[in-house]
Amino acid sequence: ANYQELHEIPGTKLVVGSLVEVIDSAICTDLCGVIRWIGIIPDSPHITVGIEVEDDPNLRNLPTSDGTYNGVRLFQCREGGAIFVPSNKCTNDRRFIEAEGSQAASTMSADAIKFGHVDCPTVLGAVAPLRIHNTEELEAICGKFKGIQGHHNSCYLDATLFSMFTFTSVFDSILYRRQGPQDISHYSAVQNVLRNEIVNPLRKNVFVRADRVMKLRKLLDQLSSISGLTSEEKDPEEFLNSLLSQIMRVEPFLKLSSGQDSYFYQLFVEKDERLTFPTVQQLFEQSFHSSDIKLKEVPSCLIIQMPRFGKSFKMYPRILPSQVLDVTNIIEDSPRHCAVCGNLAEYECRECFGCFQPDSGLESTAFCESCLYTVHKHEKRVKHVWKPLSVPRDFTAIATHILHTPQIFMELFAVVCIETSHYVAFVKTGSGPDAPWCFFDSMADRKGEKNGYNIPEMISVPELPQWLSDDGARAINERYSKDKDLPEHAKRLFCDAYMCMYQSTEVMMYH
């Protein structure tokens, strides 16, 4: 039989787990219970609701079951504890309605009990990201049972979702784009679970229970080509590919000059033995230079994968995530300044990369006409091949009146890290260089063994802005030559970085 399950009773705030009364004139008194199933039953003209009801003498006069309907198991409960009624017979349980008229947060479903007796109500509508201004505000929302609760190898997804949605709106178009004719039939179901059961509760109550995430995992597992998303160890890029590309059909963030599109950028670099503690900026420019590609436009979001191979091999033992990423020199047709005099650049010589100083990046490849010829008179550079840069005509007209060619920066807002197959995240909770950072682990602690549950945790890391600064990073790197001696969070940040997420505050508003 084709039983179509729904997540909520349309037009109400009643969902699976809601405490309700059954209003029926055929029954002498109202029955109370918990909604365990909502859906459409074949040959029934209305939406049917399966309720696990409290013990009541009136149940003897009603058809009851153990959660089966016409021989089909829809949920599990005690024998004689389930009734199935039309959705219009259900209303909020008056015993749990507060004076304001909203439902009290005391609903305790079977899932809540299974995952630590913490409620996680569905939150409808649009909820803005959390905005934290100082360490005191951050510490007020940190602690155990904060963030997204891990379950069955979900850390790859927990750390990624927490980074994407808790404190930034750069990915919010995913939550609100209406379903179109090209979308899969389950598009709205996936979007509703992501928005109403994960992102909104995370932003409103700073907690998402594992069963809510499992709903999303099951949908992704069923609807995408990537199997094992409900139980196996996966990588963040597998999850992103499943959600963004295959199911939500999100426009790729990166448009490359090669004609390819992508959601993230993998750093491909040859190891430079002179670099003992490279920055993401250095590796990023090195990678774009060796690939000989550029970005067609400034992305709203830039997800960069560190140069690692598998879960164990790291090209560099430590990498410093750059707080701000200068993308000026990798945007196609973007105005650049001359490496010598600072005026508007008209030519690019790729062979001059790193010629002048060992740590000079792509800025060393751009020249005005006068400096280009002067630089290439040198015997080491006389055989270099250069090409003209394409500069917007409007900018060329005003270039002589501008003291400095504008640079384009993107801001670091999250670092996803991996150690022995376990993913965690450092996430920036506000904007600007001094904004507080938190550390998130969806499986920080555990209660019980096989049938137990994980306890997620958020921790304030007040030292992190200092560690990310040039002077602070240099000091801590020189002070602790052995990785095992580094402060715990510094070790995870510098040694275990897997993926860095950057956002353009100018561009994200338009996406």
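If you're matching positions, the sequence shown starts at 13 in our numbering and goes up one per residue. Every residue gets a Cβ at the ideal spot worked out from N, C-alpha and C, and that includes glycine.
Excluding residues up to 5 positions away in sequence, Tyr168, Leu169, Ala171, Thr172, Val428, Tyr435, Tyr510 and Met511 lie with their Cβ nearer than 8 Å to the Cβ of Pro248 in the same chain. Under DSSP, Cys102 forms a beta bridge with Val34. One Cα belongs to Leu295, the other to Leu266, and the distance between them is close to 18 Å. For Gly51, the enclosing beta strand (DSSP E) starts and ends at Leu43 to Ile52. Taking all protein chains shown into account, Cys353 has fewer than 16 neighbouring C-beta atoms within 10 Å of its C-beta and is therefore exposed. Separation of His501 and Val473 (C-alpha to C-alpha, rounded to the nearest whole angstrom) is 8 Å.
Residue pairing from DSSP places Ala426 in a beta bridge opposite Val439 and Met513. The beta carbon of Cys44 sits closer than 6 Å to the beta carbons of Glu33, Glu66 and Asp105 from its chain, once the five residues preceding and following it are set aside; these are given in chain order. Assigned with DSSP and collapsed to three states, Tyr15 falls in coil, not helix or strand. In the three-state reduction of the DSSP assignment, Pro248 falls in the helix class.
Selection His145, Ser77 and Lys399 evaluated against Gly442 yields His145 as nearest (Cα-Cα).
With a beta-carbon spacing of about 40 Å, Lys308 and Phe219 fall beyond the 8 Å limit used to define contacts. Trp449 sits in a strand when the DSSP states are folded into three classes. Just measuring C-alpha positions, the residue of Ile50, Asn82, Asn217 and Ser197 sitting nearest Pro141 is Asn217. When only Cα atoms are considered, Val135 and Ser181 end up about 17 Å apart.
The C-beta of Pro448 has 16 or more other C-beta atoms within 10 Å across all chains shown, which makes the residue buried. Straight-line measurement puts the Cα of Met470 at about 37 Å from the Cα of Gly373. Asn82 counts as exposed, since fewer than 16 other C-beta atoms from the protein chains shown sit within 10 angstroms of its C-beta. Taking a cut-off of 8 Å on C-beta distances, the stretch 183-201 touches the stretch 247-264, as three or more cross pairs fall below it. Burial of Gly93 is indicated by the presence of at least 16 other C-beta atoms within 10 angstroms of its C-beta. Taking 8 Å as the cut-off, the Cβ atoms of Phe127 and Arg221 count as close. If you look at Pro468, you'll find it in the beta strand (DSSP E) that goes Tyr465 to Ser472. Straight across, the Cα-Cα distance linking Glu250 with Ile238 is about 7 Å. Of the residues assessed, Ala138 falls on the exposed side of the cut-off, its CB having fewer than 16 other CB atoms within 10 angstroms. In this structure Val84 is exposed. Its beta-carbon is surrounded by fewer than 16 other beta-carbon atoms within 10 angstroms.
Ser270 counts as exposed, since fewer than 16 other C-beta atoms from the protein chains shown sit within 10 angstroms of its C-beta. In the DSSP assignment, the residues bridged to Ser274 are Leu266.
Listed in chain order, the beta strand (DSSP E) runs fully inside the stretch 310-345 are 313-317 and 336-338, counting runs of at least 3 residues. Rounded to the nearest whole angstrom, the C-alpha separation of His388 and Glu344 is 24 Å.
With fewer than 16 other Cβ atoms from the protein chains shown falling within 10 Å of its own Cβ, His129 counts as exposed. Nearest to Phe276 by C-alpha distance, out of Asp284, Val394 and Ser257, is Ser257. In the three-state scheme derived from DSSP, where H, G and I count as helix and E and B as strand, Gly444 is classed as coil. By alpha-carbon distance to Leu356, the top candidate from Glu148, Glu363, Phe379 and Gln335 is Phe379.
DSSP, reduced to helix, strand and coil, places Tyr492 outside both helices and strands of the structure shown, so it counts as coil. Looking at the DSSP output, Asp457 bridges to Ile467. Its chain contains Asp78 as the residues whose beta carbon lies nearer than 7 Å to that of Glu91, once the 5 sequence neighbours on both sides are disregarded; these appear in chain order.
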